[in-house]
Amino acid sequence: MESALTARDRVGVQDFVLLENFTSEAAFIENLRRRFRENLIYTYIGPVLVSVNPYRDLQIYSRQHMERYRGVSFYEVPPHLFAVADTVYRALRTERRDQAVMISGESGAGKTEATKRLLQFYAETCPAPERGGAVRDR
């Protein structure tokens, strides 16, 4: 499968685990800064997603964006909250075990917005359960 990554998506390093010469906090911050300047607000550290709040709408939460991240391997697409959402949903379906997403940050960091976007992804892309069964299953 051809990679869905464009040259713009590859600004800086998408995953800090792959950052060469990671010897200081300064290198970490500089990579975030380079990506942020290109409106790339998401970066991974392995399976963890780091987000920098742009304090403006970047138009990256549309239905088209959701479809780009559905059913695709985590690292075949640029880092995004929808990639995490899809990975968690697929793990829930295949492992048949409860999953969790932890969102943390300082006041104003965008935790509430991230939570709303996760719920938006699930509401718009996950099939509705069959009627009946426990409330937990609905």
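Mapping of the sequence shown onto the UniProt record's numbering: position 2 corresponds to residue 2, and the numbering continues sequentially without gaps.
We put the CB at the ideal spot given by N, CA and C, even for glycine.
Residue from the options whose Cα sits closest to the Cα of residue i
| i | options | result |
| --- | --- | --- |
| residue 54 | 48, 64, 40, 46 | 40 |
| residue 86 | 19, 130, 47, 11 | 47 |
| residue 36 | 17, 58, 23, 45 | 58 |
| residue 12 | 33, 24, 23 | 33 |
For residue i, the three-state DSSP class (helix, strand or coil)
| i | result |
| --- | --- |
| residue 81 | helix |
| residue 86 | helix |
| residue 103 | coil |
| residue 18 | helix |
| residue 43 | strand |
| residue 49 | strand |
| residue 29 | helix |
Rounded Cβ spacing between residue i and residue j (contact assumed at less than 8 Å)
| i | j | result |
| --- | --- | --- |
| residue 27 | residue 19 | 6 Å |
| residue 66 | residue 121 | 6 Å |
| residue 63 | residue 124 | 7 Å |
Same chain only: Cβ atoms within 7 Å of residue i, ignoring 5 sequence neighbours per side
| i | result |
| --- | --- |
| residue 79 | 14, 42, 43, 44, 49 |
| residue 101 | 84, 88, 118 |
Boundaries of the alpha helix (DSSP H) in which residue i is found, first to last residue
| i | result |
| --- | --- |
| residue 75 | No alpha helix (DSSP H) contains residue 75, which DSSP labels as neither H nor E. |
| residue 61 | Here residue 61 belongs to no alpha helix (DSSP H), and DSSP marks it neither H nor E. |
6 Å CB neighbourhood of residue i in its chain, flanking five on each side removed
| i | result |
| --- | --- |
| residue 1 | Its pLDDT being 30, under 50, residue 1 is placed unreliably in this model, and the value from its coordinates should be taken loosely. So no residue of the chain qualifies. |
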